[in-house]
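Okay, so here's the structure we're looking at.
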Amino acid sequence: MECAFCAVATGRAPVSTVYADDRVLAFCDIEPFTTGHTLVIPKRHGVALADVDPTDVARMFVVGQQVAAAARVALGCPGINLFLADGQAAWQTVFHAHLHVIPRWGRADRMRLTAKGRRRPPRTELDRLAGALASAPPFGGSRPGTEPG
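Per the working numbering, the very first residue in the sequence shown carries number 380; after that it's consecutive.
Dropping the structure here:
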């Protein structure tokens, strides 16, 4: 079965286009969280963010920034959420990387992300985690060709 977003990117599925270029496509979500909810996808398939060419990732975020600016003007929303679910455990439901641009109106839009039970870890734990991340590829380690840009 073909990836739904690949079908959209190649014009084989209907879409309400906000913006398109040779690398990315921005279109209105058919199941929006809020009015104006837009998705920005790379035209080349990649399931996870790590699978997408870094140039395409950069373009996704630049276009996401532009969509956010347009939403503030066209819709009058006072805020925007940018959201990227990377993997099923992170709520990814369409397995083609995509950036959500979600206009926000505060409590009036009824959208919620809650984090009950959050705690503030001690600095030593944060330092340990930062060290582990900094020493793992692509930042550290020996995986060739993955040095940060």
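Just so it is clear, CB atoms sit at the ideal spot from N, CA and C, and this is done for glycine as well. These figures come from a predicted structure and were not determined experimentally.
(message) I'd like to know whether the C-beta atoms of F384 and I420 end up nearer to each other than 8 Å.
(response) The residue you call residue 384 lines up with position 5 of the sequence shown. The residue you call residue 420 lines up with position 41 of the sequence shown. Taking 8 Å as the Cβ cut-off, F384 and I420 qualify as a contacting pair.
(message) Distance cutoff 8 Å, beta carbons only. Does W484 sit that close to anything in chain B?
(response) The chain inventory of the structure shown lacks chain B, comprising one protein chain alone.
(request) Out of D430, R483 and R402, point me to the one whose CA is closest to V452's CA. (result) Taking the first residue of the sequence shown as position 1, residue 452 is located at position 73. It is R483 whose Cα lies nearest to the Cα of V452.
(request) Have a look at A450, C456 and V426 and flag the residue whose alpha-carbon is nearest the alpha-carbon of L463. (result) What you label residue 463 is simply residue 84 of the sequence shown in a count that begins at 1. When only C-alpha atoms are compared, the closest one is V426.
(message) Comparing C-alpha positions only, which one of G466, D465 and V446 sits nearest to G458?
(response) Counted from its first residue, the sequence shown places residue 458 at position 79. The shortest Cα separation from G458 among G466, D465 and V446 belongs to V446.
(request) Kindly list the residues whose CB is nearer than 6 Å to the CB of F474, restricted to its own chain and excluding five residues on each side of it in sequence; keep chain order. (result) Within the sequence shown, numbered from 1, the residue matching residue 474 stands at position 95. V426, listed in sequence order.
(request) Under the assumption that A388 contacts L404 (Cβ atoms under 8 Å), give the Cβ distance between them as a whole number of angstroms. (result) Taking the sequence shown and counting its residues from 1, one reaches residue 388 at position 9. Taking the sequence shown and counting its residues from 1, one reaches residue 404 at position 25. The pair is a contact, with the Cβ atoms about 5 Å apart (cut-off 8 Å).
(message) Tell me which residues share the same chain as V442 and place their Cβ nearer than 7 Å to its Cβ, disregarding the 5 neighbours each side in the sequence.
(response) Numbered from its first residue, the sequence shown carries residue 442 at position 63. So the qualifying residues of the chain are Y398, V403, A405 and V419.
(request) Check the C-beta distance from T417 over to V480 and give it rounded, since I have them as a contact under 8 Å. (result) Position 38 of the sequence shown holds residue 417. Position 101 of the sequence shown holds residue 480. About 4 Å; that satisfies the 8 Å criterion.
(request) Can you give me the start and stop residues for the alpha helix (DSSP H) that A383 sits inside? (result) Along the sequence shown, read from residue 1 onward, the residue named residue 383 stands at position 4. Note, A383: alpha helix (DSSP H), A383 to A388.
(request) Go ahead and pull the three-state DSSP assignment for V403. (result) Taking the sequence shown and counting its residues from 1, one reaches residue 403 at position 24. Note: V403 maps to strand in three-state DSSP.
(message) Let me confirm a value: M380 is counted as buried when at least 16 other C-beta atoms fall within 10 Å, else exposed. Which label applies?
(response) One-based indexing of the sequence shown puts residue 380 at position 1. When all chains shown are included, M380 counts as exposed.
(request) Could you spell out the range, first to last residue, of the alpha helix (DSSP H) harbouring F440? (result) In the sequence shown, residue 440 corresponds to position 61, counting from 1. Taken as a continuous stretch (DSSP letters only), the alpha helix (DSSP H) holding F440 covers P433 to L454.
(request) Can you tell me the Cβ-Cβ gap for T414 and M490, rounded? I've got them flagged as a contact below 8 Å. (result) By one-based count along the sequence shown, residue 414 stands at place 35. By one-based count along the sequence shown, residue 490 stands at place 111. The Cβ separation is near 11 Å, so there is no contact.
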